[in-house]
Each structure stands twice: as C-alpha cells, then as structure tokens.
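**Q** Pasting a structure below so you can have a look.
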Amino acid sequence: GENVEQHPSTLSVQEGDSAVIKCTYSDSASNYFPWYKQELGKGPQLIIDIRSNVGEKKDQRIAVTLNKTAKHFSLHITETQPEDSAVYFCAAKRDSSYKLIFGSGTRLLVRP
Amino acid sequence: GAVVSQHPSRVICKSGTSVKIECRSLDFQATTMFWYRQFPKKSLMLMATSNEGSKATYEQGVEKDKFLINHASLTLSTLTVTSAHPEDSSFYICSARDPNRDGYTFGSGTRLTVV
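Which chain is which? The protein sequence lines are A and B, in order.
Residue numbers are given in the numbering used here: position 61 of the first sequence equals residue 1017, and the series is strictly consecutive.
Residue numbers are given in the numbering used here: position 110 of the second sequence equals residue 208, and the series is strictly consecutive.
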C-alpha cells in the first residue's frame, strides 16, 4: 500500500541554523504534499504544502522542495527559532483519494 | 478561514461509560471529516472517514461498534467511544476538508483518559 517515510526522527539544531526534514513517498500518483507542525497537546497545523506541478514553494523562513522523479520532498526551515521546536509531519495524497498518508514525524528541537 | 473546532479538549471517564467528542467546521461545509488516533510520540492513525448523511468508512482493525461516528450535518461530526476501557485512552483528532481549498484542517484534539 501507500507509504511515506520520514527522516530524521529527531533533529536538534542551534538557534539561527537551518533544519531540513526529508520524506519519500511510494505512490507515484500522489500529487499533493502538505507539511504539518504539531505542538505538544495540540492538533497538527498546516504550515506549507506543494502540488506536483511545482518543484519548490517558499513562505518566509519555510520552503518545500519536490523531486517527482525520485519521489522525494523536503521541508527547509531557515534561521530557526526556539518557537519552531515541535513535531513536524509530512503527508502525501492523490487526487482520487481523500486519504492523507502521513510520515512518522520528526521531533525538532531548536536550542537557544 | 478553514477553522475546525473540537470539544472537549480533555475528558476523564470511568471504565464502562461512553464518551462523545464533537468536531465542527466553523466557516465551511465539510461533506467529509476524518477521525484519527494518536499514541504518544507516534504519527496519526486514521480510524475512519465520516461522510455526511451516510455511514462512516472504518479503517481495517477499527471496531465500528466501539467507535460510533455520526455526521448528521455538513458542519458536525461526532465520535462516541462506547464502553470505554483504559486501553482506549489516547489523543483523538478530527480533520475536515474545505472543498474550496486544497488542504485539510485539523481540530485541536481530545485527550481521553479512561480510569
């Protein structure tokens, strides 16, 4: 079945450094790739998403890149701040399905 | 826009009782809502897809008689955990898809503790 692998499971960076989280999907028909940030005790919040007809999308300090051939997509956070500390989930979906297939999550810690 | 409200945020109940969790889309109509369960330090596990006006679609291994889902209107879906047991203790999260947008919006989650 469809699968999304996410790495690393934990990531610790110094404030101001960049953080990169990578995901690989198995369903070649996937064409929508959102990223969610989940703070402790809360529901996931969409931070950025990308469709398969675009290779890169940026929103201030956050960017997502997509390599359709390799079935990889990545989240890039620049100039990290302590409030970026959270669990980040990638997901993939195809148009013909309502289901989001989630990665296993990455716990990001930004050290002050 | 695209706000999903989930209540309660926390609930403690005794074994054998039932608990109802509500999920509301506040500024859009959602024909489809989703219920997830999340174990500590784990990813979201889809339990069921809730369809307005029809029966929910449950994922494999999820007991439909245990987790009752009702989607009676375009803005409200409810999950009732029946005859709760301590192993049902978990973080339950709903989400809804705004048909006018690409994304899925999640509720704030419900921490259920069964004692």
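Ideal placement from N, C-alpha and C gives every residue a C-beta, glycine not left out.
#1: Could you tell me the boundaries of the beta strand (DSSP E) in which GLU157(B) lies?
#2: Output, in chain order, the set of chain B residues within a Cβ distance shorter than 8 angstroms of SER1060(A).
#3: Here's the rule I'm using: 16 or more other beta-carbon atoms within 10 Å means buried, otherwise exposed. How should GLN1037(A) be labelled?
#4: Within 8 angstroms (strictly less), CB to CB, does LYS1055(A) reach chain B?
#5: Taking only beta carbons into account, state which residues of the stretch 171-184 of chain B come closer than 9 angstroms to chain A, listed in chain order.
#6: Consult DSSP for GLU120(B) and reduce its assignment to one of helix, strand or coil.
#7: Does the contact criterion of 3 or more C-beta pairs under 8 angstroms hold for the stretch 143-157 of chain B versus the stretch 117-133 of chain B?
#8: Please name the residue in PHE126(B), THR178(B) and SER107(B) whose C-alpha comes closest to that of GLU161(B).
#9: How far does the beta strand (DSSP E) with HIS1032(A) in it reach, from first residue to last?
#10: So SER206(B) contacts chain A; which residues on that side make the cut at Cβ distance below 7 angstroms?
#11: DSSP on ASP1015(A), reduced to helix/strand/coil?
#12: Kindly list, in the order they appear in chain B, the residues whose Cβ is closer than 8 angstroms to that of ASP1005(A).
#13: Quick one: is HIS183(B) buried, meaning 16 or more other Cβ sit within 10 Å of its Cβ, or exposed?
#14: Between which two residues does the beta strand (DSSP E) harbouring PRO990(A) extend?
#15: Report back the beta-carbon spacing between GLY201(B) and SER103(B) to the nearest angstrom; my notes put them in contact at under 8 angstroms.
#16: Which residues in chain B sit within 9 angstroms of PHE1045(A), going by Cβ to Cβ distance?
#17: Hey, does LEU1002(A) have any beta-carbon neighbour from chain B nearer than 8 angstroms?
#18: Closer than 7 angstroms: is that where the CB of LYS1024(A) sits relative to any heavy atom of the ligand COA?
#19: For my contact list, VAL1066(A) and GLU971(A) are in at a C-beta cut-off of 8 angstroms; report their separation, rounded to the angstrom.
#20: Is ILE191(B) close to chain A? Criterion is C-beta to C-beta, closer than 8 angstroms.
#21: From this set, LYS1049(A), GLY1061(A), PRO1068(A) and LEU1064(A), which residue's C-alpha is nearest SER982(A)'s C-alpha?
#22: In whole angstroms, what separates the C-alpha of GLY1011(A) from that of ASP186(B)?
**A** In short, the structure shows the following:
#1: Run containing GLU157(B): none; DSSP gives neither H nor E here.
#2: LYS140 and SER141
#3: exposed
#4: yes
#5: none
#6: strand
#7: yes
#8: THR178(B)
#9: 1028-1033
#10: LYS998 and GLY999
#11: strand
#12: ASP200 and GLY201
#13: exposed
#14: 988-994
#15: Going by Cβ atoms, the distance from GLY201(B) to SER103(B) rounds to 17 angstroms, so no, they are not a contact pair.
#16: SER141 and LEU142
#17: yes
#18: Ligands displayed in this structure: none; no statement on the ligand COA is therefore possible.
#19: 6 angstroms
#20: yes
#21: LYS1049(A)
#22: 42 angstroms
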